[in-house]
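Read the structure below first, then the notes.
Residue numbers (this note's numbering): -14 to 330.
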């Protein structure tokens, strides 16, 4: 291996690692706030990539139908769980968020999709379509059992992943899609050439992390979310709604997943089930970060990307095995370092 190949492998590893960092941070966020190990995070990646690819062709993406279905199911779930104490004001808010909002987004998409929007406008529309799915999913599957054990929540999470994968096949079909590059700019740097898509990955990841840092420290909602992550019981005692915190966490996870999908779509062909493997690599980074540390998760994600890049060069047929093996020594170390702790009552 010469220096040029080494630089190319490092560049590829950092690019992939930046995307895994977004997914790992989303997984840490959801777990710290709701205790849910969010297996379906990868499905938001696939949905985002496929939505962007279909918007590029001037077609209305299948996620519009999914959004409407999720909204109706979320409304019915909230109505069922609260039928003993019906509050007309709350019912109106639920109807507006779960029924009127997805209908408005669907109408806007039907109007804008045939126009073949510019790439960044298509990304923005993709985020608008995918973002509400996070809170809807939380309302349907996790809010009713929010106080269940971590194991129960994990089992439900696996079931949600399988359901979302099946829905992806129904609404998108088995065919793979690829989106156009967000920009055609190229920047030479010695033996390396940075494409506009690669630079977009770096820029979007950096901006997203800075935006999340600002959100957690400045706005009231962000501080409430951080308080819930630090001490769920204490947050409830001072009046912070656990349900609202969960909805916000899942909404941010959906945005980060869709954003990752939009960054991946111009680089690789994405299928309805492609998100699972991509999400698992973000999960490895989150585990290395102990499902608690955002900076450590981001650094671990870069490490995962580098390991994947070098494994692809030296033993491509074992690439996934090598990457997923990273989790074994981490789990062994965590088991010895922390020992057994009883679950929060």
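For glycine and all other residues, C-beta sits at the position ideal for the given N, C-alpha and C.
Predicted model, so just to flag it, every value in this text is computed and none were measured.
Item, Value
"Which residue's Cα is closest to the Cα of residue 120: 260, 312 and 233?", "233"
"Select from 156, 142 and 207 the residue whose C-alpha is nearest the C-alpha of residue 12.", "142"
"Could you pull out every residue in the same chain whose Cβ sits closer than 6 Å to the Cβ of residue 108, ignoring the five residues on either side in sequence?", "247"
"Spatial neighbours of residue -2 within its chain, please: CB distance less than 6 Å, with the 5 preceding and 5 following residues excluded, ordered by chain position.", "290, 291 and 294"
"Consider the C-beta atom of residue 151 and the heavy atoms of the ligand GDP; say whether any pair is separated by less than 7 Å.", "Questions concerning the ligand GDP fall outside what the structure shown contains, since it holds no ligand whatsoever."
"Taking only three categories from DSSP, how would you classify residue 177?", "strand"
"Go to residue 79, then tell me how far its alpha helix (DSSP H) extends in each direction, as first and last residue.", "73 to 80"
"Let me make sure I understand the geometry here. Which of 176, 190, 226 and 189 has the alpha-carbon closest to that of residue 207?", "226"
"How about residue 297: is its C-beta nearer than 8 Å to some C-beta of chain B?", "The structure shown contains no chain B; it holds only a single protein chain."
"In whole angstroms, what separates the C-alpha of residue 155 from that of residue 115?", "17 Å"
"What are the residues that DSSP puts in a beta bridge with residue 162?", "255"
"If I follow the unbroken alpha helix (DSSP H) through residue 297, where does it start and stop?", "279 to 299"
"Let me check one thing: in DSSP terms, what residues is residue 171 bridge-paired to?", "180"
"Report the rounded CA-to-CA distance for residue 85 versus residue 77, giving the unit in angstroms.", "10 Å"
"Residue 126: buried (16+ other C-beta within 10 angstroms of its C-beta) or exposed?", "buried"
"Assuming residue 1 is part of the alpha helix (DSSP H), what are its boundary residues?", "-12 to 19"
"Given this structure, state the Cα-to-Cα distance separating residue 306 from residue 130, to the nearest angstrom.", "34 Å"
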